[in-house]
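Using this note's numbering, the letters of the sequence shown correspond one by one to residues 19 to 172. We put the beta carbon where it would ideally sit given N, CA and C, even for glycine.
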Amino acid sequence: MYPNHTPGQPAQRAVEVHHPTPIPPPVVQAAPVVPVQPGHVPAVASIVLPDGRVVTGYAIDHPQPQPITEPPAVSRVAVNVALGGVGFLAVCGGLLLLTSFIAALTAFIGQLIILAAVIFGGWIAIQVLSGSGHRGGTTVNIRRATFKRNHFHG
Numbered sequence: 019m020y021p022n023h024t025p026g027q028p029a030q031r032a033v034e035v036h037h038p039t040p041i042p043p044p045v046v047q048a049a050p051v052v053p054v055q056p057g058h059v060p061a062v063a064s065i066v067l068p069d070g071r072v073v074t075g076y077a078i079d080h081p082q083p084q085p086i087t088e089p090p091a092v093s094r095v096a097v098n099v100a101l102g103g104v105g106f107l108a109v110c111g112g113l114l115l116l117t118s119f120i121a122a123l124t125a126f127i128g129q130l131i132i133l134a135a136v137i138f139g140g141w142i143a144i145q146v147l148s149g150s151g152h153r154g155g156t157t158v159n160i161r162r163a164t165f166k167r168n169h170f171h172g
């Protein structure tokens, strides 16, 4: 178990206390990262830090600010409003055509219904008013018939 331990006696352990020593972080200013154009290899540069360490890496070109351009002659908001108006007019024209089509279709269906009623009514009138021949069945002559209590006496 433990070195120098005699059986029958309680074991004694040596206690060691460790205190961690904090390591201060190095003071290094980070340089901005600039993307490198493909096909162009930047030059390698070495920098000596104040504490004497040497850092070797690629030289970084500082980004140049974009040149100030003049604002456009027409506001973007005005262009968006104008385009919205053109789109709205296109939609309104389409809706006008759609409502005209629906009205024409409704009138056409109404005329078809009227035509069917005229043709069917004419056919019924011809069937009723035609007296061409006797088609069979029982003929009842109702001239002097009497009705008593909803009963027909002929």
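Pair within 8 Å by beta-carbon distance, GLY75 and ALA61 | no
Between VAL95, GLN47, ASP79, PHE138, which lies nearest to VAL73 when the distance is taken from Cα to Cα?
-> GLN47
Could you spell out the range, first to last residue, of the beta strand (DSSP E) harbouring VAL73?
-> 72-76
Could you name the residues of the same chain whose beta carbon sits closer than 8 Å to that of LEU101, not counting the 5 residues immediately before and after it, in chain order?
-> none
Start-to-end residues for the alpha helix (DSSP H) that takes in ALA122 = 94-147
Return yes when the C-beta of VAL136 is under 7 Å from any heavy atom of the ligand ZN, and no when it is not.
-> No copy of the ligand ZN appears in this structure; indeed no ligand is present at all.
Who pairs with ILE65 in a beta bridge, going by DSSP?
-> VAL73
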